[in-house]
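Numbering (the numbering used here), first residue to last: 5 to 77. All C-beta atoms, glycine included, are put in the ideal place defined by N, C-alpha and C. Just so you know, these numbers come straight off a predicted model, no measurement behind them.
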Amino acid sequence: MKNKKFLFILILLTIIHFWLLTITIHAKYPIWVSAYSAISSSLFVWLFINYFKKEWFSDNFSENIVLQQILSF
5 MKNKKFLFIL ILLTIIHFWL LTITIHAKYP IWVSAYSAIS SSLFVWLFIN YFKKEWFSDN
65 FSENIVLQQI LSF
């Protein structure tokens, strides 16, 4: 159940951020909006890949350390 909620939130956030990226491509928004949407879209794609590799909750998965650093920033 917890994994399904996490996956739902991840899908929802990914849709929002790809939508944001599409808006910034077709409209004249400030460059920081474009940069934010591009970075966040890349992050969510990366999270999806890790989630489906079933290594997301692994203790020895080195990207978890990187993810913690990104989220603490």
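Residue burial is scored here from C-beta neighbours: S45 has at least 16 other C-beta atoms within 10 angstroms and is therefore classed as buried.
As the crow flies, the alpha-carbon of I27 is around 18 Å from that of L47. For Y55 against L14, the beta-carbon gap comes to about 7 Å, under 8 Å, which counts as contact. Measuring C-alpha to C-alpha distances from L24 to each of A39, L51, F10 and L11 identifies A39 as the nearest.
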